[in-house]
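Keeping their order, the protein sequence lines are chains W and F.
Under this note's numbering, residue 215 is the last one in the first sequence; the count climbs by one each step, no gaps.
Under this note's numbering, residue 215 is the last one in the second sequence; the count climbs by one each step, no gaps.
What follows is one structure encoded as structure tokens, with my remarks underneath.
Protein chains: 2
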Amino acid sequence: MQTLKPHERRHLRTQQAILDAARKLLAEKGVNGVSLRAIAREIDYSPAGLYEYFDSKEDIIHAVNSQGHERLAAEMGRVDTDLPGPEYIRGLGQAYIRFARTNPDHFMLMFTTAPNGNQLEQFMDEQSSFPILVSAIQKCIDEGIFALHPAGLYAMTLIFWTSVHGLAMLELTQLKDSGIDFDAINDIIGQTLFMGLISQNPEFNPQGK
Amino acid sequence: MQTLKPHERRHLRTQQAILDAARKLLAEKGVNGVSLRAIAREIDYSPAGLYEYFDSKEDIIHAVNSQGHERLAAEMGRVDTDLPGPEYIRGLGQAYIRFARTNPDHFMLMFTTAPNGNQLEQFMDEQSSFPILVSAIQKCIDEGIFALHPAGLYAMTLIFWTSVHGLAMLELTQLKDSGIDFDAINDIIGQTLFMGLISQNPEFNPQGK
DNA sequence: ATTAAATCCCGAACAGTGTTTGGAATTATA
DNA sequence: TATAATTCCAAACACTGTTCGGGATTTAAT
């Protein structure tokens, strides 16, 4: 009973083909290019045929977003975990922004669609981008660089996440084509947050700059 | 020649009626509720009639967004400018988040639509939210709390803007209904950025906490 | 092997969308 | 008073997500 029946494997494979086509259209034609008819054309189906695999277009989008978060987490997972806490966080932030820059439409879709109930818990709990960032903050605490903030570890993680997320969003929307060096800004923000958290640590106060 | 002709005033008034109807629908029915037919129905026009006042729906949305930025700037303008720099910045951040929370769909639309060429310059230059925040940072510099960062005043402003913007975006999307106290997080972020910038100021290093 | 059931897939249609066209009615200009 | 500009709309077009009905095909049960 461990292995799936043939028609179940085909079903899963077709589902994935639909998601792949949707992601391809998203990258090539933008959000408006992702229509059921375009997806169906891409994989040699009729529009009505897709409803055998997803109940609605919204479900397809949610599934695409879910896999998008997995990809984002995978990118962040490629950062060397042996790096010192500060440099690890920096690497994670760069990976986050690089993902947004490489997949702008996918990133925008992921973070403009409200999650689907349990999708929130999945995002916070499972092997996702947030827990990875949490572990990086914990690492800095373990190394004695940060003190555990009274508001808790998650609050400390949100400090970094909101900052890098806001920067990524603005780069893709309001400040697009502004000529701003977002990588430099990202470093400055990271540096500032760092000094801010270090200065709140009574056990760790290196003199000088 | 200073005063407009009657039909020009009517034209402007109808244009504004279209934008008001669009904003009303946006607030009441969400983004998908803003259709040309719904707008036309709201102001007793036919869908085709709207094209006498705007060339496309995209133009209407851009105009709505432009007025949205004016409203956001107006909200931030109500913060007492006589407050000390730090508290002034805090008030601006709270106004920003409050606007996003009060007009979620409008805020999302404003910051998910790429600006329209000169719309970017208008946003950076005119009496908009960004220059207001810039003045707040300048105030902290004038008060000797911050040192001017080598990357410039705008970069320093971006530090605060991206953080509060990212927090507002996450509150409306990924972390909606998460139960997180975003006002508390906002204070923590502001506090952390503060300590970070102060610690980079050689002229200002108050001992103790 | 034969029957019953589940799955797969699509043509056609429906209500909705933004947009264009052509012309009728109104208003402004000469 | 004649001409031109402006205002407004019914109708149609191409597109969207979705539903329905039924014809194949594949699976499960007898």
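Where is the CB? At the ideal position from N, CA and C, for every residue including glycine.
Can you tell me whether S135(W) is buried or exposed, with buried defined as 16 or more other CB within 10 angstroms of its CB? buried
Would N207(F) and F152(F) be called neighbours here (beta carbons separated by less than 9 Å)? yes
Enumerated in chain order, which unbroken segments of the alpha helix (DSSP H) with a length of 4 residues or greater are wholly contained in the stretch 35 to 121 of chain F? 42 to 48, 63 to 83, 91 to 108 and 110 to 116
Which first and last residues belong to the alpha helix (DSSP H) in which D221(W) is found? Here chain W comprises residues numbered 7 to 215, so residue 221(W) is not present and cannot be evaluated.
Determine whether the beta carbon atoms of I143(F) and L173(F) lie at a separation below 9 Å. no
If you run the structure through DSSP and keep just helix, strand and coil, what is L31(W)? helix
Output needed for I103(F): all residues of its chain with C-beta closer than 8 Å, excluding positions within five of it in sequence on either side, in chain order. V170, L173, A174, E177, F188, D189 and N192
Looking at L126(W): is its Cβ nearer than 9 Å to the Cβ of L203(F)? no
Proximal residues, the stretch 198 to 209 of chain F versus chain W, C-beta separation under 9 Å: T198, L199, F200, M201, G202, L203, I204, S205, Q206 and P208
Within a Cβ cutoff of 6 Å, which residues of the same chain sit near L25(F), ignoring the five residues on either side of it in sequence? A69 and V70
Relative to chain F, which residues along the stretch 20 to 44 of chain W have a C-beta separation below 9 Å, given in chain order? none
If you reduce the DSSP assignment to three classes, tell me which class A161(F) lands in. helix
My output table needs one value for A153(F): the three-state DSSP class, helix, strand or coil. coil
Which residues of chain W have a Cβ atom closer than 8 Å to the Cβ of H171(F), listed in chain order? G172, M175 and L176
Exposure of Y57(F), with buried meaning 16 or more beta-carbon neighbours within 10 Å: exposed
State the CB to CB distance for the pair E81(W) and A106(W), rounded to an integer number of angstroms; the pair is presumed to be in contact (CB under 8 Å). Actually they are not in contact, since the Cβ atoms of E81(W) and A106(W) sit about 10 Å apart, beyond 8 Å.
Does the stretch 87 to 96 of chain F come close enough to the stretch 31 to 42 of chain F that 3 or more CB-CB pairs lie under 8 Å? no
Using a Cβ-Cβ distance cut-off of 9 Å, determine whether M130(W) contacts chain F. yes
Put G202(W) into one of helix, strand or coil per three-state DSSP. helix
For the candidate residues M162(F), T179(F) and Q197(F), whose alpha-carbon lies nearest to that of I186(W)? M162(F)
Cβ-Cβ distance between N109(W) and G74(W) below 9 Å: yes
Does chain F have any CB closer than 9 Å to the CB of K63(W)? no
Taking the alpha-carbon positions, what's the S205(W) to L199(F) distance? 11 Å
I want to see whether chain F comes within less than 9 Å of M82(W), judged by CB atoms only; does it? no
Is the separation between the beta-carbon of G36(F) and that of D88(F) shorter than 9 Å? no
Residue of T20(F), K30(F), T9(F) and H13(F) minimising C-alpha distance to F60(F): T20(F)
Nearest chain F C-beta to T168(W) closer than 9 Å, yes or no? yes
Run of the alpha helix (DSSP H) containing F127(W), from where it starts to where it stops: It should be pointed out that residue 127(W) corresponds to Glu in this sequence rather than to Phe. First-last of the alpha helix (DSSP H) with E127(W): N124 to D131.
Consult DSSP for T9(F) and reduce its assignment to one of helix, strand or coil. coil
Can you tell me where the alpha helix (DSSP H) with S141(W) in it begins and where it stops? S135 to D148
Could you give the distance in angstroms between the alpha-carbon of H13(F) and the alpha-carbon of T118(F)? 35 Å
Should T9(F) be labelled buried (16 or more other beta-carbon atoms within 10 Å of its own) or exposed? exposed
Strictly below 7 Å CB to CB, what residues from chain F border I195(W)? I165 and T168
Within a Cβ cutoff of 8 Å, which residues of the same chain sit near T179(W), ignoring the five residues on either side of it in sequence? M114
Neighbouring residues, chain F, relative to K145(W) (Cβ below 8 Å): Neighbours of K145(W) on chain F: none; closest Cβ ~18 Å, over 8 Å.
At least one CB of chain F closer than 9 Å to the CB of I191(W): is that the case? yes
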